[in-house]
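Below you'll find the structure, written out as structure tokens, and then a few comments.
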Amino acid sequence: MEQVFKLISFNTEIGLKVLFTLAFLIVLWLLRRVANAFIRESIRDRYNGRIWFWAGQGLNLVTAVLLILGLLEIWFDNPNRLATAIGLVTAGVAFALQKLITAIAGYFVILRSNIFSVGDRITMGGVRGDVIALGFIHTKIMEMGQPVSFQDTTSPSWVKSRQFTGRVVSITNDKIFDQPVYNYTQDFPYLWEEISVPISYTADRDRAEQILLECAERHTESINQMSQESLKVMRDRYFLHSHDLTPKVYYRITNNWLEMTVRFVVREHGIRDLKDAVSRDILKAFDVAGIRIATTTYNVVGFPPLQIENSFSNPKENSQH
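For the sequence shown, this note's numbering assigns the number 8 to the initial residue and increments by one for each residue that follows.
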């Protein structure tokens, strides 16, 4: 009889804890919805998307902490049982969910070390694009295309330039521990770009160089002024040598032509449009100056002597046939 009462008491205790758990989850869910709506109304309309994003991340962390503490308080009111349960659960989870734990650890490293933020243009796990979402386990990236020379054969892209493909790629956060993360916008939101033009050795090299510089400066003058201040911040924060941000032309001698490369600074977005505008101006100016783009040519310098032998068959043999 005593065992029956203990069983009934045990079942009653478990039932109450289940009810308390359901009530706690509903209350926590409602509180999160209210807090999320408050943040959306008070922050999103007044500031940029990044502040809204980090406010949402903070809300997720607070919700996760409250959930864990609430469940521990309901189910493990005895400190001895709590310590034993925590030890067993920790050991089991650490063994069975290694990748998941590493991904969650990567999430906190990203937040703490400021490796990247939402809106940054990065390359992570072999995928290049803009970060559109950051979660406990995955980072979502709006993928960009790449030039053919830089494409990975495992996941080729049909867009042959740095423009969006439309694919959203989810990458686990543990990749930051195994592979480098390239950030194109953090601290210095500018990049150096190049346009190479081959010309013949008989062309007017000085005029061609002048055209390349004029076209690049015309489209990057405002960018050069803005990038000077960002570069000064970089030099103050890091051990960085001074760099010349004005366009410059470099020569490279090849077997077929003289390759002239103009190097200039661009913003992290709109690179293809800017290079397209510069290239169109270069072609127009080359046409006016009479400078032609060089192409591969082959010179035939001679032929070996040829011997042609005509052999005539015997007429008598032909008549026999």
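For glycine and all other residues, C-beta sits at the position ideal for the given N, C-alpha and C.
Just so it is clear, the structure is predicted and the values come from calculations on it, not from any experiment.
As assigned by DSSP and simplified to three states, the class of residue i
i	result
residue 213	helix
residue 117	helix
residue 274	strand
residue 167	coil
residue 252	coil
residue 299	coil
residue 142	coil
residue 328	Because the pLDDT of residue 328 is 49, which lies under 50, any placement of that residue in the model is unreliable, and the number read from its coordinates should be weighed accordingly. Residue state, collapsed to three classes: coil.
residue 9	With a pLDDT of 46 at residue 9, under the threshold of 50, the modelled position of that residue is not reliable, and the figure given next carries that caveat. The answer is helix: DSSP assigns residue 9 an H, G or I state.
residue 22	helix
CA-to-CA distance, residue j to residue i, given in whole angstroms
i	j	result
residue 285	residue 168	16 Å
residue 253	residue 45	47 Å
residue 117	residue 128	15 Å
residue 24	residue 146	36 Å
residue 21	residue 64	34 Å
residue 328	residue 303	In this predicted model, residue 328 has a pLDDT of only 49, less than 50, meaning its place in the structure is not dependable; the value taken from the coordinates is given anyway. Taking the straight line from one Cα to the other gives about 55 Å.
residue 149	residue 268	31 Å
residue 73	residue 144	19 Å
residue 175	residue 131	13 Å
residue 280	residue 230	14 Å
residue 294	residue 181	53 Å
residue 183	residue 124	14 Å
residue 250	residue 209	33 Å
residue 232	residue 192	17 Å
residue 119	residue 153	30 Å
residue 228	residue 75	55 Å
residue 41	residue 287	54 Å
residue 276	residue 172	15 Å
residue 15	residue 178	Model confidence at residue 15 stands at a pLDDT of 43, short of 50, so the residue's coordinates are unreliable; what they give is reported in the following sentence. Cα to Cα, the separation comes out at about 49 Å.
residue 246	residue 225	31 Å
residue 170	residue 27	52 Å
residue 79	residue 35	15 Å
residue 112	residue 62	20 Å
residue 122	residue 47	25 Å
residue 141	residue 49	22 Å
residue 255	residue 198	14 Å
residue 260	residue 139	44 Å
residue 292	residue 215	9 Å
Per DSSP, cross-strand counterpart(s) of residue i
i	result
residue 127	Residue 127 is not bridged to any residue.
residue 137	128, 149
residue 265	206, 260
Same chain only: Cβ atoms within 7 Å of residue i, ignoring 5 sequence neighbours per side
i	result
residue 200	271, 273, 278, 282
residue 289	204, 218, 219, 222
residue 105	none
residue 195	237, 238, 241
residue 81	24, 27, 28, 31
residue 151	135, 136, 169, 170, 171, 172
residue 43	66
Sequence-distant residues of the same chain with beta carbon closer than 8 Å to residue i, five excluded per side
i	result
residue 207	264, 265, 299, 301
residue 39	66, 70
residue 244	194
residue 190	122, 123, 127, 128, 129
residue 235	252
6 Å CB neighbourhood of residue i in its chain, flanking five on each side removed
i	result
residue 338	Nothing in the structure corresponds to residue 338, since the chain is present only between 8 and 328.
residue 77	31
Residue i beta carbon near the ligand FMN (any heavy atom closer than 7 Å)
i	result
residue 205	This structure lacks the ligand FMN, and indeed carries no ligand of any kind.
* Could you give the uninterrupted runs of the beta strand (DSSP E) lying entirely in the segment 175-213, keeping only those of 3 residues or more? -> 197-206
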